[in-house]
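S.K.:
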Amino acid sequence: MALASGMRLSARALLRPWSPLRGKALGCTEPAAGGGNGARLFGSQRVLVEPDPAAGVAVMKFKNPPVNSLSLELLTEFVISLEKLENDKTFRGVILSSDCPGVFSAGLDLTEMCGRNPAHYAEYWKAVQELWLRLYLSNLVLIAAISGACPAGGCLISLTCDYRVLADNPKCLIGLNETLLGIIAPFWFRDTLVNTIGHRAAERALQLGLLFPPAEALQVGMVDQVVPEDQVQSTALSVMAQWMAIPGEEHREGQQLWVLVGEQSPLPPQPDAPGETRKF
Amino acid sequence: MALASGMRLSARALLRPWSPLRGKALGCTEPAAGGGNGARLFGSQRVLVEPDPAAGVAVMKFKNPPVNSLSLELLTEFVISLEKLENDKTFRGVILSSDCPGVFSAGLDLTEMCGRNPAHYAEYWKAVQELWLRLYLSNLVLIAAISGACPAGGCLISLTCDYRVLADNPKCLIGLNETLLGIIAPFWFRDTLVNTIGHRAAERALQLGLLFPPAEALQVGMVDQVVPEDQVQSTALSVMAQWMAIPGEEHREGQQLWVLVGEQSPLPPQPDAPGETRKF
Amino acid sequence: MALASGMRLSARALLRPWSPLRGKALGCTEPAAGGGNGARLFGSQRVLVEPDPAAGVAVMKFKNPPVNSLSLELLTEFVISLEKLENDKTFRGVILSSDCPGVFSAGLDLTEMCGRNPAHYAEYWKAVQELWLRLYLSNLVLIAAISGACPAGGCLISLTCDYRVLADNPKCLIGLNETLLGIIAPFWFRDTLVNTIGHRAAERALQLGLLFPPAEALQVGMVDQVVPEDQVQSTALSVMAQWMAIPGEEHREGQQLWVLVGEQSPLPPQPDAPGETRKF
């Protein structure tokens, strides 16, 4: 979730039918075994999901060793798991983290981007866009618990979240460093960064491919909090509790409604029947 | 007044004929008695206007006890009083403050927003939009002298001003806290906040409905200055004097002109005949 | 060069055929004498160009005593010199500075803007726009080495650069102070400033015509570094070396490509053949 309409380009303009990828299970997506009480671990090989239905919160952990490269399979499993959580009204918040020590995610999988055919490039890149769209437009509260390196696509994922907690470890560098790798960050990577740290800081960071150590990341606004490594998860949970205390649906869909009301209708919000009108 | 064209959505797109409200006197609007020399106090029951023609400055004080709720009557009287000042070339600046101790304004009047019929909602909400448009597009220099709590719609009013002075009192909380109340801030509340404190800070403040105490409000950029409570008014006046020293009309209408010139005409500004071309 | 697509208005919308000015040599433009090895000083009467082909960097110095007013001749010579450097693949970076002690540039030449005929105004103002477009959309890395006063148009030029180094001298004031002079800064001056220091700071700076001394300029983000006066040039060179270490063309044209790819084509970047697709 994010203040999406502040983006310079409409996220919705990017959304295209994605039937080839959406319809079938790529990789080895494995639905949760058992009962449907929501309390069992479900997910897939590459994305662990640890639900806490009582709190309304789930923790999703990337598990694609050694560095959580965003392979097509990981992206697919991630989007499916996220969609399940979105559809399950039990959950209002998700914490994103990593099951691989020392890294949050190394970003896009370069092996998906060269030596393949155009159809594969198209499929892969659509999956990257889909991930970003799902996260940035999510109704869930998203918090990134970052205990490892967080470059490029890993950083993008964290930027789509509502709050970022970073481990105070000099190895926990974060940034969109595509330029240094000879890769060009798409405009929506850039816009997401601009929304987070402002135009000028984003300009410099993108052009030089800067990776920020924790103190600098905090100062420039790339993350919201830096804590000792062993407190990243607990901090994320306690920040999430703060969000969960916000009443109703307002913190999720509030910003979108008034675009409609303001443009099309003179009607004010009707607090007594929020469920009907607040859907995006 | 504000750098209006930097807004993400055109304020003008919102401006609609507003004849039902504009034409008639709602509430008990009471024009200034007497002479027309501009020196007499005029205004209405709910908005006191204290003009200082020599300085070219007027002080407007909300007076709708106990908490300066923005009722339809207050909004109407406020807009009418502001229009009078706009039309009176004697005045170039207005200081907005409160006649009710402990509060600048508590914001929108919730009793106008539930238990009424759609026509009333439409009328009320148009009045809120009108207030915002009048303030944010005003040719007057506007300074908010805030000596009390300043939540929600009260905060919005202050954000439309050119400068905000806040009393250094822990009770003087300021912010768009609609989310906490189960109300959704319209997109133009959001955009006004984004323009003031930036995208990321606005995102977080809106989603959590944050109310900032003075020191934090200053740090995040929600206000421009925090001073002891008994110096709020005098500080506002001395800041206003700084603005009044700016020559001509430039500080008011300057930003708009070049939108026209740049897009439609190759002509440069003609400093020797500013009055003709600078009208918005 | 700058993150141009982040601008609120398309720079390209401003670009018009400019044949009357481009085709002929205004002023006394004097091409470099001699050999074509790129190592000789070339330029013109009003813009000195000191190339360092080995480093891929050239230094351009305004030389229009006493205050480097941006006369039509200076603008023309500057654009021509810049175009030469753009076309010469030897050069990837340019440092902008001044040959006149105590001033970077005093900005637009007021004598070009009054007492002339409309055709002259049009020609002059197009030249100003052309300069801004050339700089802000340049493929070259641009660094401003500012050892003197930098008001108005001088400030605009520095804002189009990728990095600004300012001398730590109280006389080195920098800002868009047009308002104080009774002149209105065009919207693209404003947008360039907003992109650099953010909306709220730009709003206040423009409305009051603020000129920032070095420490304040650094704090507000108007410049990136403040150094002792005798280290301005060397600092600019060492920052430039940092930029020159970025591989390939990514730091120049990277941002633009994905606008095309994302909107028109599902193809990902092809790192092994960047030259073909990365042209703007």
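As you go down the protein sequences, you meet chains G, W and A in turn. All residue numbers for the first sequence refer to the numbering used here, where the first residue is 1 and numbers rise by one. All residue numbers for the second sequence refer to the numbering used here, where the first residue is 1001 and numbers rise by one. All residue numbers for the third sequence refer to the numbering used here, where the first residue is 2001 and numbers rise by one. Even for Gly, the Cβ is constructed at its ideal location relative to N, Cα and C.
#1: Using CA atoms only, rank isn't needed, just tell me which of G:177, G:166, G:73 and G:243 is closest to residue 111 of chain G.
#2: Please state whether DSSP places residue 2285 of chain A in a helix, a strand or coil.
#3: Taking the DSSP output, what are the residues bridged to residue 126 of chain G?
#4: Does residue 1123 of chain W pass the burial test, meaning 16 or more other C-beta atoms within 10 Å, or should it be called exposed?
#5: With distance defined between alpha-carbon atoms, name the residue in A:2071, A:2220, A:2186 and A:2215 nearest to residue 200 of chain G.
#6: Against chain G, does residue 2163 of chain A count as a neighbour if the rule is that its beta carbon must be under 9 Å from one of theirs?
#7: Is the Cβ-Cβ distance between residue 127 of chain G and residue 79 of chain G less than 9 Å?
#8: Using only alpha-carbon positions, find the residue among G:246, G:154, G:51 and G:132 that is nearest to residue 109 of chain G.
#9: Any beta carbon of chain G sitting closer than 9 Å to that of residue 2157 of chain A?
#10: Cβ of residue 1235 of chain W less than 9 Å from any chain A Cβ?
#11: Using a 10 Å radius around the Cβ and a threshold of 16 neighbouring Cβ atoms, would you call residue 242 of chain G buried or exposed?
#12: For residue 207 of chain G, which residues of its own chain have a beta-carbon under 8 Å away from its beta-carbon, when the five flanking residues on both sides are left out?
#13: Run through chain A and tell me which residues come within less than 9 Å of residue 153 of chain G, C-beta to C-beta.
#14: Quick one: Cα of residue 2260 of chain A to Cα of residue 117 of chain G, how far?
#15: How is residue 1066 of chain W classed by DSSP in three states: helix, strand or coil?
#16: Could you tell me whether any Cβ in chain G is nearer than 9 Å to the Cβ of residue 1207 of chain W?
#17: Assuming the contact rule is C-beta atoms closer than 8 Å, residue 1131 of chain W and residue 1161 of chain W should be a hit. Round their C-beta distance to whole Å, please.
#18: Which residue wins for smallest C-alpha separation from residue 134 of chain G, given the options G:156, G:151 and G:150?
#19: Assign residue 2276 of chain A to one of two classes, buried (16 or more other C-beta atoms within 10 Å of its C-beta) or exposed (fewer than that).
#20: Out of A:2129, A:2205 and A:2048, which one is the CA nearest neighbour of residue 2188 of chain A?
#21: Below 8 Å on the Cβ atoms is my guess for residue 2140 of chain A versus residue 2218 of chain A; work out the distance and round it to an integer in Å.
#22: Here's the rule: buried if 16 or more other CB atoms are within 10 angstroms of the residue's CB, otherwise exposed. What is residue 151 of chain G?
#23: Give me the residue from G:223, G:184 and G:198 with the minimum Cα distance to residue 209 of chain G.
#24: Which residues in chain W have a C-beta closer than 8 Å to the C-beta of residue 198 of chain G? List them in chain order.
#25: Measuring alpha carbon to alpha carbon, tell me which residue in W:1088, W:1101 and W:1068 is nearest residue 1107 of chain W.
#26: Identify every residue that forms a DSSP beta bridge with residue 1061 of chain W.
#27: Excluding sequence positions up to five away, which residues of its chain have a Cβ less than 6 Å from the Cβ of residue 2226 of chain A?
#28: For residue 56 of chain G and chain W, any beta-carbon pair shorter than 9 Å?
#29: Nearer than 8 Å: is that true of the beta carbon of residue 2223 of chain A relative to any heavy atom of the ligand FAD?
#30: Hey, does residue 1221 of chain W have any beta-carbon neighbour from chain C nearer than 9 Å?
#31: If you draw a straight line from the alpha carbon of residue 1100 of chain W to that of residue 1088 of chain W, how long is it in whole angstroms?
#32: Skipping 5 residues on each side, what residues in its chain have a beta carbon closer than 8 Å to that of residue 232 of chain G?
#33: By Cβ distance, which residues of its chain are closer than 8 Å to residue 2204 of chain A, with the 5 residues on each side in sequence left out?
#34: Give a yes or no on whether 9 Å exceeds the smallest Cβ distance from residue 2243 of chain A to chain G.
#35: Please classify residue 223 of chain G: does DSSP put it in a helix, a strand, or coil?
#36: Quick one: which chain W residues come within Cβ less than 7 Å of residue 2107 of chain A?
M.R.: According to the data block:
#1: G:73
#2: No answer is possible for residue 2285 of chain A: the residues shown for chain A start at 2001 and end at 2280.
#3: Residue 126 of chain G pairs with nothing; no bridge assigned.
#4: Residue 1123 of chain W should be labelled buried.
#5: A:2220
#6: Taking CB atoms only, residue 2163 of chain A has a neighbour in chain G less than 9 Å away.
#7: yes
#8: The residue among G:246, G:154, G:51 and G:132 with its C-alpha nearest the C-alpha of residue 109 of chain G is G:154.
#9: no
#10: no
#11: Exposed is the call here.
#12: 179
#13: Within chain A, no residue comes near residue 153 of chain G; the closest Cβ sits about 12 Å away, beyond 9 Å.
#14: Legend: pLDDT at residue 2260 of chain A = 33, less than 50; position of this residue unreliable, no value from coordinates given.
#15: In this structure, residue 1066 of chain W counts as coil in the three-state DSSP scheme.
#16: yes
#17: Not confirmed; about 13 Å, so no contact.
#18: Selected option, being the one with the closest Cα: G:156.
#19: Bear in mind that a pLDDT of 26 at residue 2276 of chain A, under 50, signals an unreliable position, so the model cannot answer this.
#20: A:2129
#21: About 25 Å separates the Cβ atoms of residue 2140 of chain A and residue 2218 of chain A, ruling out a contact at the 8 Å cut-off.
#22: buried
#23: G:184
#24: 1198, 1199 and 1200
#25: Among W:1088, W:1101 and W:1068, the Cα nearest to that of residue 1107 of chain W is on W:1068.
#26: W:1048 and W:1097
#27: 2166, 2168, 2214 and 2218
#28: no
#29: With respect to small molecules bound, the structure shown includes none, and the ligand FAD cannot be examined in it.
#30: The structure shown contains no chain C; the protein chains it does contain are G, W and A.
#31: 27 Å
#32: For residue 232 of chain G, where only same-chain residues beyond five positions count, the Cβ hits under 8 Å are 97, 145, 146, 147, 165, 166 and 167.
#33: 2210
#34: yes
#35: coil
#36: The contacting residues do not exist; residue 2107 of chain A stays about 13 Å from chain W at best.
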